[in-house]
Amino acid sequence: MKKYFLTLLFLTSVTCFSQDTLIINTNDSISTQILQELSEKTKSYQNIKADFKFTFENTSQDILEEQDGSISIQENSFKLEINQQIIISDGSTQWIYLKESNEVQIMEYDVEDDMMSPSKLFTIYEKGYKNSYIELKSLNGKNMHIIDLFSIESNAFKKIQLQIDADKNQLDNIILYDKNGGSFTYLITNFKTNVENTGDNTYKFIAEDYTDVQIIDLR
28 MKKYFLTLLF LTSVTCFSQD TLIINTNDSI STQILQELSE KTKSYQNIKA DFKFTFENTS
88 QDILEEQDGS ISIQENSFKL EINQQIIISD GSTQWIYLKE SNEVQIMEYD VEDDMMSPSK
148 LFTIYEKGYK NSYIELKSLN GKNMHIIDLF SIESNAFKKI QLQIDADKNQ LDNIILYDKN
208 GGSFTYLITN FKTNVENTGD NTYKFIAEDY TDVQIIDLR
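Rendered as structure tokens:
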């Protein structure tokens with residue numbers, strides 16, 4: 028269970044709604060323009076709620092694992108649900124709830140120090156990558172811009188591929204290729220923005236809602 032969460036956390040480089048200047052290191056003007064427009068549109072949202080299908084595959088090791096998840100993001104706050112875990116942050120505190128053991132771990136959280144935050148899921152491309160426009164391709168009835176990212180500094184992935192819905196200007200699929208022949212795919216199955224009535228407690232863990240929950244405070 029933990030490996031799924033850690034994998035999602037690698038999907039990062041800049042805060043989703045950060046006001047930082049977009050830096051894309053590339054010589055590819057086509058992909059630069061597409062990513063600039065995608066970044067501007069993403070940052071215009073008040074919040075994002077998305078469902079996704081996660082797939083890990085390594086054909087050489089005969090591994091295929093799939094599961095569904097969901098994420099809500101507003102500024103530096105997020106709520107991630109995947110498998111037997113719920114991870115919540117209000118931007119200063121983070122709660123990790125393990126359903127199987129009915130346990131919650133509480134820790135301090137600083138998005139500026141955390142380069143592996145789920146709140147950065149939709150802006151992975153913004154810093155630290157060279158990019159290359161591959162093609163405009165029809166996939167599952169959608170016109171998709173295919174853009175490959177290559178990290179400027181060495182990390183766990185040799186390549187990241189973005190599939191962007193050309194008609195909606197919206198990230199549709201992210202595929203990370205590791206150096207051992209594995210691929211991690213995050214297919215966005217439902218995408219909503221500017222959702223009203225999210226509630227004051229959306230990005231907080233309310234212990235009273237969980238009977239006999241064990242609290243481990245690591246702050």
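The sequence shown begins at 28 in my numbering and counts up one residue at a time. Glycine included, C-beta positions come from ideal geometry on N, C-alpha and C.
Here the region 174-191 does not lie against the region 67-86, with fewer than 3 beta-carbon pairs under 8 Å apart.
For I114, the enclosing beta strand (DSSP E) begins and ends at 112-116.
The region 181-200 makes no contact with the region 83-100; the number of CB pairs closer than 8 Å stays below 3. By the C-beta density criterion, K106 is buried, having at least 16 other C-beta atoms within 10 angstroms. A Cβ-Cβ separation of about 5 Å places R246 in contact with E135 under the 8 Å criterion. Counting along the chain, K70 sits inside the alpha helix (DSSP H) bounded by residues 56-70. Per the coordinates, the alpha-carbon of E67 lies some 44 Å from the alpha-carbon of D239.
Judged by beta-carbon spacing, I115 lies beyond the 8 Å limit of Y237, meaning their Cβ atoms are not closer than that value.
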